[in-house]
Amino acid sequence: MEPVSVKFLRPGAVLPTYGSMEAAGADLYACLESPLTIAPGETVPVPTGIALEVPKGCAGLVYARSGLSIKHGLCMANGVGVIDSDYRGELRVPMVNLSNEPYTIQPGERVPQLCIAPVWQPAFT
Numbered sequence: 007m008e009p010v011s012v013k014f015l016r017p018g019a020v021l022p023t024y025g026s027m028e029a030a031g032a033d034l035y036a037c038l039e040s041p042l043t044i045a046p047g048e049t050v051p052v053p054t055g056i057a058l059e060v061p062k063g064c065a066g067l068v069y070a071r072s073g074l075s076i077k078h079g080l081c082m083a084n085g086v087g088v089i090d091s092d093y094r095g096e097l098r099v100p101m102v103n104l105s106n107e108p109y110t111i112q113p114g115e116r117v118p119q120l121c122i123a124p125v126w127q128p129a130f131t
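So that you can map any letter, position 16 of the sequence shown is 22 in the numbering used here, and since no number is skipped, the others follow by simple counting.
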């Protein structure tokens, strides 16, 4: 497996980690200076403080963590985020609170998860 280069852009940024040896997705962490409260129905971009160098021929796919979705109604506003192999900017995750209660994201909290997957770019005719 080809390694993915990670660049730290903010103090407190955390390297993505796998929760187990068989985990498909690596956890990404909120890089915040202080807790961030998301009101019901509100959408907020959550910075991770990192940029990735996704291998050519692959894409980074960012998914919500099911525990946050089920327990707290916190989901990604765009469903699934796609990181192209030529994107080098900071990963910021658009989180939406679908519950009736505010939810507070703590600095360093695991928010989304990242899968790196091969992609096929067909020609369109």
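Beta carbons are placed, not taken as given, at the ideal position from N, Cα and C, and that holds for glycine.
Pull up the DSSP beta-bridge partners for residue i, would you.
{"i": "G66", "result": "I89, I122"}
{"i": "M101", "result": "V50, M82"}
{"i": "R116", "result": "Y35"}
{"i": "T23", "result": "D33"}
Taking residue i as the reference, which of the options has the closest Cα?
{"i": "S99", "options": "Q112, G63, V117", "result": "The residue asked about is misnamed: residue 99 is Val in this sequence, not Ser. Per the Cα distances, V117."}
{"i": "M82", "options": "K13, A129, L34, G55", "result": "L34"}
{"i": "Y93", "options": "P9, K13, E8", "result": "K13"}
{"i": "A30", "options": "P46, I44, Y69", "result": "Y69"}
{"i": "V50", "options": "I56, E59, T110, G66", "result": "T110"}
{"i": "P113", "options": "S11, S40, E8, S26", "result": "S40"}
{"i": "I44", "options": "L58, E107, I56", "result": "E107"}
{"i": "V10", "options": "E48, G73, C121", "result": "C121"}
{"i": "E8", "options": "G73, I89, L80, K62", "result": "K62"}
Which two residues bound the contiguous beta strand (DSSP E) that contains residue i?
{"i": "L34", "result": "32 to 35"}
{"i": "S11", "result": "11 to 14"}
{"i": "T43", "result": "42 to 44"}
{"i": "T110", "result": "109 to 111"}
{"i": "L58", "result": "56 to 59"}
Rounded C-beta distance between residue i and residue j? I'm assuming under 8 Å.
{"i": "E96", "j": "L15", "result": "5 Å"}
{"i": "C37", "j": "G18", "result": "5 Å"}
{"i": "V60", "j": "M101", "result": "So it is not a contact: roughly 21 Å between Cβ atoms."}
Answer with buried or exposed for residue i, where buried requires no fewer than 16 other C-beta atoms within 10 angstroms of its C-beta.
{"i": "L104", "result": "exposed"}
{"i": "Q127", "result": "exposed"}
{"i": "G87", "result": "buried"}
{"i": "I76", "result": "exposed"}
{"i": "T23", "result": "exposed"}
If you follow the alpha helix (DSSP H) that residue i is part of, which residue opens it and which one closes it?
{"i": "L74", "result": "72 to 78"}
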